[in-house]
Amino acid sequence: MRWIAALVIGVGTACAFDSSGISGTSAEGPVPDGSSGTSSGAPTTTATAEAEATSSSSSEAEATSSSSEASESSSATAEAHLEITEAPQFDFGDVELSDVAAHAFEVSNLGTVDATGIAAELQGEGYTWRGGAFPGEGGSCSTSLAPAQACEIVVAWSAATWGDAIGQLEVRYDDSRDGHSATATLHARGVGSTTNLVDNGDAEDGGAPPTDWNLVRGAGEDWRTTTEFAANGSSSIYAGIGPRTSSFRLRQAANVGKWATFVDADELRFELTAQTRSYADGNDPHQVRLRFIDDDANVLEELASPTYDGTAWQAVELVRVAPAGTRVVQVQLRCEKTGGDYCDAFFDDILLLASYR
208 MRWIAALVIG VGTACAFDSS GISGTSAEGP VPDGSSGTSS GAPTTTATAE AEATSSSSSE
268 AEATSSSSEA SESSSATAEA HLEITEAPQF DFGDVELSDV AAHAFEVSNL GTVDATGIAA
328 ELQGEGYTWR GGAFPGEGGS CSTSLAPAQA CEIVVAWSAA TWGDAIGQLE VRYDDSRDGH
388 SATATLHARG VGSTTNLVDN GDAEDGGAPP TDWNLVRGAG EDWRTTTEFA ANGSSSIYAG
448 IGPRTSSFRL RQAANVGKWA TFVDADELRF ELTAQTRSYA DGNDPHQVRL RFIDDDANVL
508 EELASPTYDG TAWQAVELVR VAPAGTRVVQ VQLRCEKTGG DYCDAFFDDI LLLASYR
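Numbering-wise (my numbering), the sequence shown opens with residue 208 and increments by one.
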């Protein structure tokens, strides 16, 4: 019985008893004669191998998953990243009319791969590439930029008119994943003075009456240019002959309606300068006037220089911020005839400027 008990323990439920003794049948078949009866060895080895295979397969799957995740993570961070050093905004400052301001913008690649397909666009009145084409004269950017590298784009702004000008510089580029862009807002401000708003103010274009000037009818109609006297150049404007005690007047108007926004905000200043003289001391006093006129021909304000009747050329200056509503600025030359046949006043170097600061 001790041997039988040992066999039962070794074989487990795979053995059965009958009345005649032991049936030598196990899960693997009959037990050979002389066997020790330990038939669990082969099944146990197979199960262990299967478990090890399953564990190995699981480990390989985990390793593959981990590798895939690492690859995806690496791909997610492998991108180009361009930045404009001057972003988010660059101010060109105050620029005089007709002048050009330029600035070299630095573009850096802070990413980990090349930025490719680089292209740039400018928006806003007056903003251009210096020299006319990207990346601007003196610029170094091209269609690609490696990581940790920088290049320059040169932008110019021309002050064609007064006031603020807002624009934008946009740099577009690609990398291994997608398209991107970097931007900077641009600001500039046009200031300064116009060119002369008076035509033929130096009398060099001649004429009787002087070219580009208008007679005031009934107030001396013999205005002309003359070479008898000149403050500069070879000619001056002369009042001429007329009735005794006449008031001689010659005028020219500048339409300033296109600057109404600045005028109505009390931001536009006008400056009139001229040179005047008489033929003889004490002869025929004269002056220059500056008139501000609205759309209905009403004179909003009038400035007048002191009357003068000396023989030396005298400089005249009249300055005024245009009253709101001004649409025409008029220059008027006057000579008051006191005797003789001629109103002997001479005018030269007449200059009218509008300025904004």
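C-beta: ideal position from N, C-alpha, C; glycine also.
Inset, instruction - For Pro492, collect the residues of the same chain with a Cβ closer than 6 Å to its Cβ; drop the 5 residues on either side in sequence, then sort them by chain order. - result: Result list for Pro492: Thr514, Asp516 and Glu543, in chain order.
Legend entry - Per DSSP, the bridge partner or partners of Leu560: Glu478
Inset, instruction - May I have the straight-line CA-CA distance separating Thr480 from Arg396, to the nearest angstrom? - result: 27 Å
Legend entry - Segments assigned beta strand (DSSP E), at least 3 residues, entirely inside the stretch 355 to 379: 357 to 365
Inset, instruction - Look up Ser315 in the DSSP assignment and give the residues it is bridged to. - result: Glu290 and Ala357
Legend entry - Limits of the unbroken beta strand (DSSP E) element including Val526: Gln521 to Val528
Inset, instruction - Check whether the stretch 310 to 317 touches the stretch 356 to 363, counting contact only when three or more Cβ pairs, one atom from each stretch, lie closer than 8 Å. - result: Under the three-pair Cβ rule at 8 Å, the stretch 310 to 317 counts as touching the stretch 356 to 363.
Legend entry - the stretch 423 to 433 contacting the stretch 325 to 338, beta-carbon criterion three pairs below 8 Å: no
Legend entry - Residue closest to Gln539, alpha-carbon to alpha-carbon, out of Leu497, Cys550, Asn505 and Ala504: Leu497
Inset, instruction - Would you give the residue range spanned by the beta strand (DSSP E) that Asp301 belongs to? - result: Gln296 to Glu303
Inset, instruction - Could you give the DSSP three-state label for Gly236: helix, strand or coil? - result: Below a pLDDT of 50, predicted positions are generally treated as unreliable, and Gly236, at 42, falls in that range; the measurement from the model is reported next regardless. Here Gly236 sits in strand by DSSP.
Inset, instruction - Please list, in chain order, all residues of the same chain as Asp548 whose beta carbon is under 6 Å from its beta carbon, the five residues on each side excluded. - result: Ile448
Legend entry - Close Cβ partners of Pro417 (< 8 Å) along its chain, the five nearest in sequence each way excluded: Asn407, Ala410, Trp430, Arg431, Thr432, Ile444 and Leu457
Legend entry - Segment contact flag, the stretch 361 to 373 with the stretch 523 to 536, C-beta cutoff 8 Å, min 3 pairs: At 8 Å Cβ cutoff, the stretches do not touch.
Inset, instruction - Take the Cβ of Arg541 as the centre, count every other Cβ of all protein chains shown within 10 Å, and call the residue buried at 16 or more, exposed below. - result: buried
Inset, instruction - Indicate whether Thr390 and Leu560 have their beta-carbon atoms separated by less than 7 Å. - result: no
Inset, instruction - Go ahead and label Arg191 buried or exposed: buried means 16 or more other beta carbons lie within 10 angstroms of its beta carbon, across all protein chains shown. - result: Residue 191 is absent from the structure shown; the chain starts at 208 and stops at 564.
Inset, instruction - Assign Thr323 to one of three DSSP states: helix, strand, or coil. - result: strand
Inset, instruction - Determine the burial state of Ser441: buried for a count of at least 16 other Cβ atoms within 10 Å of its Cβ, exposed for fewer. - result: exposed
Inset, instruction - Note down, in chain order, each residue of its chain lying with its Cβ closer than 6 Å to the Cβ of Thr232, except the 5 sequence neighbours on either side. - result: Interpretation of Thr232 is limited by its pLDDT of 40, a score under 50 that renders its predicted location unreliable; the figure taken from the coordinates is listed afterwards. Once the five neighbours on either side are set aside, Thr232 has no close Cβ partner at all.
Legend entry - Phe341 in three-state terms, based on DSSP: coil
Inset, instruction - Per DSSP, which residues does Ala460 bridge with? Please list them. - result: Gln537
Legend entry - Contact belief for Asp385 with Thr323 at Cβ below 8 Å, rounded distance in angstroms: Not quite, the Cβ-Cβ distance comes to about 12 Å (not below 8 Å), so this is no contact.
Inset, instruction - Indicate whether His310 and Val378 have their beta-carbon atoms separated by less than 7 Å. - result: no
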